[in-house]
Amino acid sequence: MNTHSPNSFLRRSKLVTLELRKEPQESYRGAVRTVSSQSLFQGEHEIGIDHAGSLYRLKITRQGKLILNK
Numbered sequence: 001m002n003t004h005s006p007n008s009f010l011r012r013s014k015l016v017t018l019e020l021r022k023e024p025q026e027s028y029r030g031a032v033r034t035v036s037s038q039s040l041f042q043g044e045h046e047i048g049i050d051h052a053g054s055l056y057r058l059k060i061t062r063q064g065k066l067i068l069n070k
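Residue numbers (UniProt numbering): 1 to 70.
And the structure:
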């Protein structure tokens, strides 16, 4: 049986969201070189990546997600 009310769950989820937002995103992005997907794909929906002699395919799905296949 569920003893929690929906309101208590919402309050807790908002607190977690606020705690996660305390860390600035720039600190992570500054440590890793960031390239926009728009500049990588340049209007295409699939690109090839050569890595150590293997070809990988990076695709944008209809839902806008990225999939990497070997």
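Think of the CB as a built atom: it goes at the ideal place given N, C-alpha and C, for glycine as much as any other residue.
If you're wondering where the values come from, they're calculated on a predicted model, not measured in any experiment.
Query raised in the report: Expressed to the nearest angstrom, what Euclidean distance is found between the alpha-carbon atoms of Ile47 and Ser36?
Result: Taking the first residue of the sequence shown as 1, we reach residue 47 at position 47. Taking the first residue of the sequence shown as 1, we reach residue 36 at position 36. Inter-residue distance for Ile47 and Ser36 is about 14 Å (C-alpha atoms, whole angstroms).
Query - Secondary structure of Ser36, DSSP reduced to three states - result: Here residue 36 refers to the residue found at position 36 when the sequence shown is read from its first residue. Note: Ser36 maps to coil in three-state DSSP.
**Report entry** Contact belief for Phe41 with Ile67 at Cβ below 8 Å, rounded distance in angstroms
**Finding:** Translated into the one-based positions of the sequence shown, residue 41 becomes position 41. Translated into the one-based positions of the sequence shown, residue 67 becomes position 67. With a Cβ gap of about 13 Å, Phe41 and Ile67 do not count as contacting.
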